[in-house]
Structure formats: C-alpha cells, structure tokens
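Asker: Structure provided below as structure tokens; questions to follow.
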Amino acid sequence: MDFPPELIASLSWNQQSTYLPIAGTGLFIYDYVLTLGDEARYVWTAPWSLGKILFLLTRYPTFVDVALALYRNLGYNLTSSTCSLLYNISGWTTIIGIAIAEIIMLMRVWAIWNQTRTVGIILATLIIASMIGAFFSFVKFHEKQEFIELYTISPNLQGCYGTVGTKVVFIIYMIATAFEILMVILMIVKGLRDFRRHPSSMLYNVYQDGEFRSVYTFN
333 MDFPPELIAS
343 LSWNQQSTYL
353 PIAGTGLFIY
363 DYVLTLGDEA
373 RYVWTAPWSL
383 GKILFLLTRY
393 PTFVDVALAL
403 YRNLGYNLTS
413 STCSLLYNIS
423 GWTTIIGIAI
433 AEIIMLMRVW
443 AIWNQTRTVG
453 IILATLIIAS
463 MIGAFFSFVK
473 FHEKQEFIEL
483 YTISPNLQGC
493 YGTVGTKVVF
503 IIYMIATAFE
513 ILMVILMIVK
523 GLRDFRRHPS
533 SMLYNVYQDG
543 EFRSVYTFN
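Under this note's numbering, the first residue of the sequence shown is numbered 333, with each subsequent residue one higher.
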C-alpha cells in the first residue's frame, strides 16, 4: 500500500517523538533519587500541613503521568478509544498538577507580601480564572481530537497518533505562562521594595531562588 509522503513524514516524526518521554522519564527518576534523602528527612517527618499535602500531590502522581506517557507512546496495537482515554486522563492529571504547583507558588508569593488581604484576593482571582480557562480549553481540545490506529498501517508502529482539530490547547500553556509572569512581577516588585529597606544576603537569596525557579519553568 502506498502512502502520501506527508503521512510518511508525519509518522516518522511521531515515532521519533516517542523517545522524548523515555528521556524525560530518565531525568525524572534521576531527580527523584537525588532529592529522596532530603525529602525523607524534611518532608516525611514533618507534621501534616497544607504545604506538605500540596508537595506530595505534585510529587507522586507524576509517576502515574510518566507511566501513562510511556504506554501511549510505546504501546502496540492501541485502538483509537484507548488513545483517547489515555490522553484524556493524562490531560486532566497534567492540568491538576499544574494547578497544584501554581497554588504552591501563589502561597509563596502571598507569604512574601505578608499575606495582605488585597494581594490574596488578586492571587485567588488569578488562580481561579486561569484554571477555568485551562479546563475549558482542554475540554474543547479533546472534543476535536481524533486518533489513527497505527496498527492498521503497520504492526511495527508504536503508540498513539493524534490529529489535532484545534489549536486551543495552546491556550493552556499561554495561561500558565501568563500566571508565572505575573507571579514573577509580584516577587520582583516586593523584592526590590524590601531590599531597599532592609538589604541582606539572606533576603537576596530568597528572591534570587524564586526568580531562578520561575526562569527554569519558562524554559
């Protein structure tokens, strides 16, 4: 059976992209092993709090996300319904994970602003609006998403091959990026104000670490 060159090129790219989850899994496991000792020492033994719960919710559900990503990229004979289910589960777990991570950052920024009510209302409004936008965008994206059953083309082809009917999914990343930028701006404004009043190396390191973390997130 002859296939159009565009389809062959697209399938080739799809197969090459399956290596990305493998590389990501390696980095994830490496990071987990490196930080496991500190986690056991400082998190597991700490009393239960909102911060601890949020940390664990961002830490361990990632293993489920990784397993699903590997299966949907490396599995054989995956039907369109199976691929749709896998992407649906992965999409929601990813969005929820991003939401929890943003709440953690929100709490940090609010603490830096001395938990003032005005800033708290602004931050709460931002997180609620961004999550509503992300949920709506993903629902619209998944409704339009279709899958080609690769095993009908060749039994050697792995994973799911999705055709995107809408680019609304990029709104999710735009929302997350906009939220991060706003958090960085709030940290910079408060950091400059505090550092001018009370310059200290400890205060400088607190804000510096926060800004570096945000830059890494953008990358």
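We put the CB at the ideal spot given by N, CA and C, even for glycine. Note that the structure is a prediction, hence the values are computed from the model and not measured.
T495 by DSSP, collapsed to three states: which one?
Answerer: Translated into positions along the sequence shown, residue 495 becomes position 163. Three-state result, T495: strand.
Asker: I'd like the ranges of any alpha helix (DSSP H) spanning at least 4 consecutive residues and lying wholly in the segment 368-438.
Answerer: Listed in chain order, they are 382-391, 393-406.
Asker: Given that a residue counts as buried once 16 or more other Cβ atoms are within 10 Å of its Cβ, and exposed if not, what is N446?
Answerer: Taking the sequence shown and counting its residues from 1, one reaches residue 446 at position 114. Exposed, because fewer than 16 other Cβ atoms sit within 10 Å of the Cβ of N446.
Asker: So the beta strand (DSSP E) E481 belongs to, where does it begin and stop?
Answerer: Here residue 481 corresponds to residue number 149 of the sequence shown, with the count starting at 1. Premise fails: E481 is in no beta strand (DSSP E) and is neither H nor E.
Asker: What is the DSSP secondary structure of L489, counted as helix, strand or coil?
Answerer: Residue mapping note: residue 489 aligns to position 157 of the sequence shown, counting from 1. L489: coil per DSSP, three-state reduction.
Asker: How far does the alpha helix (DSSP H) with T450 in it extend, from its first residue to its last?
Answerer: As a first step, residue 450 must be located in the sequence shown, where it is residue number 118. Unbroken alpha helix (DSSP H) run through T450: 449-476.
Asker: Report the rounded CA-to-CA distance for Y374 versus Y364, giving the unit in angstroms.
Answerer: Start at 1 with the first residue of the sequence shown, and residue 374 comes out as number 42. Start at 1 with the first residue of the sequence shown, and residue 364 comes out as number 32. Y374 and Y364: Cα-Cα distance of roughly 15 Å.
Asker: Could you give the C-beta distance for T390 and I427, rounded to a whole number, given that I count them as a contact under 8 Å?
Answerer: As a working mapping, residue 390 is identified with position 58 in the sequence shown. As a working mapping, residue 427 is identified with position 95 in the sequence shown. Contact flag wrong, Cβ pair sits at about 13 Å.
Asker: Between the alpha carbons of K522 and A433, how many angstroms are there, rounded?
Answerer: Against the sequence shown, residue 522 aligns to sequence position 190. Against the sequence shown, residue 433 aligns to sequence position 101. Each residue's alpha carbon lies about 21 Å from the other.
Asker: Please return the same chain residues whose Cβ sits closer than 8 Å to the Cβ of R404, not counting the five positions on each side in sequence.
Answerer: Position 72 of the sequence shown, counted from the start, is the residue given in the question as residue 404. The answer, listed in chain order, is L410, C415, L418, Y419, S422, G491, C492.
Asker: Under 7 Å, do S469 and I513 count as touching if we go by C-beta distance?
Answerer: Stepping through the sequence shown from its first residue, residue 469 is reached at position 137. Stepping through the sequence shown from its first residue, residue 513 is reached at position 181. Cβ distance not < 7 Å, so S469 and I513 don't count as in contact.
Asker: With DSSP as the reference, label T350 as helix, strand or coil.
Answerer: What you label residue 350 is simply residue 18 of the sequence shown in a count that begins at 1. It is coil, neither helix nor strand.
Asker: According to DSSP, simplified to helix, strand and coil, what is W442?
Answerer: Taking the sequence shown and counting its residues from 1, the one referred to as residue 442 is at position 110. Of the three classes helix, strand and coil, the one that applies to W442 here is helix, per DSSP.
Asker: From what residue to what residue does the alpha helix (DSSP H) around V516 run?
Answerer: Sequence index remark: in the sequence shown, residue 516 carries index 184 (1-based). Taken as a continuous stretch (DSSP letters only), the alpha helix (DSSP H) holding V516 covers 502-529.
Asker: Among the residues of its own chain, which have a CB less than 8 Å from the CB of F387, if the five just before and after it don't count?
Answerer: By one-based count along the sequence shown, residue 387 stands at place 55. Cβ within range, chain order: V375, I436.
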